[in-house]
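Reading through the structure tokens given below for one structure.
Protein chains: 2
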Amino acid sequence: MSFELDAYDRKILALLQENSRLGFSEIGRRIHLTSPAVAERVRRLEEAGVIEGFGARLNLRALGYTFEAFINITVESHDALDAWAASHHEVLALHATTGSHCALLHIAVRAPEHLQELIKSLGKIGKTTTSIVLSSQCGGRARLPADQLPKMPG
Amino acid sequence: MSFELDAYDRKILALLQENSRLGFSEIGRRIHLTSPAVAERVRRLEEAGVIEGFGARLNLRALGYTFEAFINITVESHDALDAWAASHHEVLALHATTGSHCALLHIAVRAPEHLQELIKSLGKIGKTTTSIVLSSQCGGRARLPADQLPKMPG
DNA sequence: TCTGAAATATCTCCACC
DNA sequence: GGTGGAGATATTTCAGA
Numbered sequence: 001m002s003f004e005l006d007a008y009d010r011k012i013l014a015l016l017q018e019n020s021r022l023g024f025s026e027i028g029r030r031i032h033l034t035s036p037a038v039a040e041r042v043r044r045l046e047e048a049g050v051i052e053g054f055g056a057r058l059n060l061r062a063l064g065y066t067f068e069a070f071i072n073i074t075v076e077s078h079d080a081l082d083a084w085a086a087s088h089h090e091v092l093a094l095h096a097t098t099g100s101h102c103a104l105l106h107i108a109v110r111a112p113e114h115l116q117e118l119i120k121s122l123g124k125i126g127k128t129t130t131s132i133v134l135s136s137q138c139g140g141r142a143r144l145p146a147d148q149l150p151k152m153p154g
Numbered sequence: 001m002s003f004e005l006d007a008y009d010r011k012i013l014a015l016l017q018e019n020s021r022l023g024f025s026e027i028g029r030r031i032h033l034t035s036p037a038v039a040e041r042v043r044r045l046e047e048a049g050v051i052e053g054f055g056a057r058l059n060l061r062a063l064g065y066t067f068e069a070f071i072n073i074t075v076e077s078h079d080a081l082d083a084w085a086a087s088h089h090e091v092l093a094l095h096a097t098t099g100s101h102c103a104l105l106h107i108a109v110r111a112p113e114h115l116q117e118l119i120k121s122l123g124k125i126g127k128t129t130t131s132i133v134l135s136s137q138c139g140g141r142a143r144l145p146a147d148q149l150p151k152m153p154g
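Those protein sequences? They're chains L and W, same order as listed. 1 is the number of the first residue of the first sequence in full-length UniProt numbering; add one for each residue after it. 1 is the number of the first residue of the second sequence in full-length UniProt numbering; add one for each residue after it.
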């Protein structure tokens, strides 16, 4: 993954991070490049793995999820936890971590009873400690502005 | 935020979550709808706040960030923490939480020394406990598949 | 690697249902 | 809310530098 980003690449990444539906022509217009040049750069950034994909940021509440929680869990078997996470659509992310617990689960739930159910289910796999999210910043939004990106990654 | 999603909406959300650069025609082709119909639905979903935006999923390593960490912090003033988060591009997310600490910071760093520097800086604001992320699943990727979305959110 | 031009495909209105 | 068509834009490909 050694890929040297130049100023055009960083600008393109910043624009796509903010709005990935921008057309190549529009991007080109903003950074003073023609659309084939932008298209080729985006293709290379994807190929190099710098861009992993393009997604929509969805509002969890609009999807029926009322709040989020972080569950710290200590397990014997990570496989059992992986399987649990894969089979529960409430899981936003699962991180294996260092520290007093060995994994951190980020989940979205519909109601307190729903959270209770998940905690109870997880209880069969390991020992949990749960924190409810009161408010968030940068949740899935644009981050790491291109202006501040290192010139030589790695 | 009361918006009733029908089967078309859910399919559109699933497709855009997976690849937000799909054209309206292409989406229409896959769900058997014409492009103006898809465009209109996407416009309404954005207007209703169900879709908050479209972004690129970038590889943190390619951007020069070697690993991630979660920092639990207990602070007197949330304002000071908010300001700290806003001024540090390493911050992926900041969550105010319940539990033994009052906030959880998700950050990306270039090297252990870099992390140490951030922890030291945070030490002036509150008391921290840090966990390093060893591996992640679903980090920023597609989630909440449309097939499993509730028919009536809320 | 970029540009410019040509062919193809897409988006955006609009009238109609 | 959806369709279908027309005009304006966009994407893609390629020759040339």
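Every residue gets a Cβ at the ideal spot worked out from N, C-alpha and C, and that includes glycine.
Using a Cβ-Cβ cut-off of 6 Å (strictly less than) and excluding sequence neighbours within five positions of G126(L), which residues of its own chain qualify?
What you label residue 126(L) is simply residue 126 of the first sequence in a count that begins at 1. I73, T74, V75.
Name the residue from Q137(W), L94(W), T128(W) whose alpha carbon lies nearest to the alpha carbon of V133(L).
Counting from 1 along the first sequence, the entry for residue 133(L) is found at position 133. V133(L) has its Cα closest to that of L94(W), out of Q137(W), L94(W), T128(W).
Since S20(L) meets chain W, which of its residues come closer than 8 Å, beta carbon to beta carbon?
By 1-based counting over the first sequence, the position of residue 20(L) is 20. Correct list: S20, R21, F54, G55, A56.
How would you label A80(W), buried or exposed, when you count the other beta carbons within 10 angstroms and need 16 or more for buried?
Here residue 80(W) is taken as the residue at index 80 of the second sequence, counted from 1. Exposed, since its Cβ has fewer than 16 Cβ neighbours within 10 Å.
At the 9 Å Cβ level, is Q116(W) part of the contact set with chain L, yes or no?
Along the second sequence, one-based indexing puts residue 116(W) at 116. No, its Cβ sits nowhere closer than 9 Å to a Cβ of chain L.
For Q116(L) and G140(L), the rounded distance between their alpha carbons:
Here the question's residue 140(L) lines up with position 140 in the first sequence. Here the question's residue 116(L) lines up with position 116 in the first sequence. Unreliable positioning characterises G140(L) in this predicted model, as indicated by a pLDDT of 44, which lies under 50. A coordinate reading is not provided.
Using CA coordinates, which residue listed in S35(W), L118(W), P36(W) is at the minimum distance from T130(W)?
Position 130 of the second sequence, counting from 1, holds the residue named residue 130(W). Closest option to T130(W), Cα to Cα, is L118(W).
If you count every other CB in all the chains shown that lies within 10 Å of the CB of E90(W), and 16 or more means buried, which is it?
Translated into positions along the second sequence, residue 90(W) becomes position 90. Classification of E90(W): buried, given that the 10 Å Cβ count is 16 or more.
Proximity of E68(L) and S121(L) at Cβ, strictly below 9 Å
Counting from 1 along the first sequence, the entry for residue 68(L) is found at position 68. Counting from 1 along the first sequence, the entry for residue 121(L) is found at position 121. No, the Cβ-Cβ distance between E68(L) and S121(L) is not below 9 Å.
Would you mind stating whether R41(L) and D9(L) have Cβ atoms separated by less than 9 Å?
Counted from its first residue, the first sequence places residue 41(L) at position 41. Counted from its first residue, the first sequence places residue 9(L) at position 9. The answer is yes: Cβ separation under 9 Å.
How close, in whole Å, do the beta carbons of S35(W) and S20(W) come, if the pair is a contact with beta carbons under 8 Å?
Indexing the second sequence from 1 puts residue 35(W) at position 35. Indexing the second sequence from 1 puts residue 20(W) at position 20. Not a contact, Cβ separation roughly 16 Å.
Within 9 Å (strictly less), CB to CB, does L122(L) reach chain W?
Here residue 122(L) refers to the residue found at position 122 of the first sequence. Chain W, which has no Cβ nearer than 9 Å to the Cβ of L122(L), makes this no.
Which ranges does the alpha helix (DSSP H) cover as unbroken runs of at least 4 residues, wholly within the stretch 71-122 of chain L, from first to last along the chain?
78-86, 112-122
Determine whether the Cβ of S35(W) lies closer than 9 Å to any Cβ atom of chain L.
Here residue 35(W) refers to the residue found at position 35 when the second sequence is read from its first residue. Closer than 9 Å: no.
Tell me which residue opens and which closes the beta strand (DSSP E) that L13(L) is part of.
Translated into the one-based positions of the first sequence, residue 13(L) becomes position 13. Taken as a continuous stretch (DSSP letters only), L13(L) belongs to no beta strand (DSSP E), being part of the alpha helix (DSSP H) at 7-18.
Between H78(L), G23(L), V50(L), which has its C-alpha nearest A37(L)'s C-alpha?
The sequence position of residue 37(L) within the first sequence is 37, counting from 1. Closest option to A37(L), Cα to Cα, is G23(L).
Using a Cβ-Cβ cutoff of less than 8 Å, which residues in the same chain neighbour M152(W) once the five nearest sequence positions on both sides are dropped?
Within the second sequence, numbered from 1, the residue matching residue 152(W) stands at position 152. With a pLDDT of 44 at M152(W), under the threshold of 50, the modelled position of this residue cannot be trusted; read the value that follows with caution. E4, listed in sequence order.
To the nearest angstrom, how far is the alpha carbon of G154(W) from that of E18(W)?
Numbered from its first residue, the second sequence carries residue 154(W) at position 154. Numbered from its first residue, the second sequence carries residue 18(W) at position 18. With a pLDDT of 32 at G154(W), under the threshold of 50, the modelled position of this residue cannot be trusted, and the question is left open.
Simplified DSSP assignment, three categories, for E68(W):
Taking the second sequence and counting its residues from 1, the one referred to as residue 68(W) is at position 68. Correct three-state label for E68(W): strand.
Alpha carbon of G28(L) to alpha carbon of R44(L), nearest angstrom:
Here the question's residue 28(L) lines up with position 28 in the first sequence. Here the question's residue 44(L) lines up with position 44 in the first sequence. Taking the straight line joining both Cα atoms gives about 16 Å.
Taking the alpha carbon of E52(L) as the reference point, which residue from A56(W), I31(W), L63(W) has its own alpha carbon closest?
Numbered from 1 along the first sequence, position 52 holds the residue referred to as residue 52(L). The shortest Cα separation from E52(L) among A56(W), I31(W), L63(W) belongs to A56(W).
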